[in-house]
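In the numbering used here, the protein residues as written are 20 to 149.
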C-alpha cells in the first residue's frame, strides 16, 4: 500500500511553510442601493507558496496574459469571486494573497480541505490596474 504525503503536515512544517504565514486580504461584498460595497479584512494563514510555471505558460498561450502565477497551499479556505449562498450579504471578490510585497489574486481553487489542504492558483496583480 502506498502512503500519500500529508500536505497538512508540510503546511505547518517550518522547513516548508512561509516563516510568518501568508497574508490574505478577504473582500466580502454586499449590494446596497444597487451598488457593490466592499470591506477588506486582512489575516494570516499557515501555508506554502510555490511558483506555477505550467499555468503561466498556459495563460500566455491561451489568453495573451504574461504574468507571474503562484500556488498557495494552506489548510484554510480561500475564495474566488462569487457567493456563498443566494443572500446579497454573502458575496466575495477574489481573495488577494500578499507575498514578497506583491499582490496575487486567487483565480483557480482546488479545495481538498477534507484531505487537509486547499491549493490555490493566484495571478500577480498589476498595481496600476487596482
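Beta carbons are placed, not taken as given, at the ideal position from N, Cα and C, and that holds for glycine.
To the nearest whole angstrom, what separates the beta carbons of residue i and residue j, a pair I think is in contact under 8 Å?
i           : j           : result
residue 26  : residue 135 : 6 Å
residue 141 : residue 93  : Not really, about 11 Å apart at Cβ, beyond 8 Å.
residue 28  : residue 46  : Rounded, the Cβ-Cβ distance is 30 Å, inconsistent with contact.
Hey, residue i and residue j: beta-carbon distance below 8 Å or not?
i           : j           : result
residue 143 : residue 86  : yes
residue 69  : residue 88  : no
residue 57  : residue 112 : yes
residue 101 : residue 49  : no
Among the residues of its own chain, which have a CB less than 8 Å from the CB of residue i, if the five just before and after it don't count?
i           : result
residue 151 : Lying outside 20 to 149, the shown extent of the chain, residue 151 is not represented and no answer is given.
residue 53  : none
residue 126 : 99, 113, 140, 141, 142
residue 71  : 88, 89, 90, 140
residue 145 : 86
residue 133 : none
For residue i, I'd like the list of residues in its chain whose CB is within less than 7 Å of its CB, leaving aside the five on either flank, ordered along the chain.
i           : result
residue 30  : 36, 65, 66, 67, 92, 93, 94, 136
residue 128 : 97, 99, 137, 139
residue 32  : none
Kindly list the residues whose CB is nearer than 6 Å to the CB of residue i, restricted to its own chain and excluding five residues on each side of it in sequence; keep chain order.
i           : result
residue 115 : 44, 122, 124
residue 119 : none
residue 55  : 48
Return yes when the C-beta of residue i is under 7 Å from any heavy atom of the ligand ATP, and no when it is not.
i           : result
residue 131 : No copy of the ligand ATP occurs in the structure displayed, which carries no ligand at all.
Practice item. Quick one: which unbroken alpha helix (DSSP H) runs of 4-plus residues sit fully inside the region 95-149? Chain order, please. Key: Secondary structure in the region 95-149: no alpha helix (DSSP H) run of 4 residues or longer lies completely within the stretch.
Check your understanding: Where are the alpha helix (DSSP H) runs, 4 residues long or more, that stay fully inside the region 24-65, in chain order?
Key -> The alpha helix (DSSP H) runs lying completely inside the region 24-65 and spanning 4 residues or more are 26-30, given in chain order.
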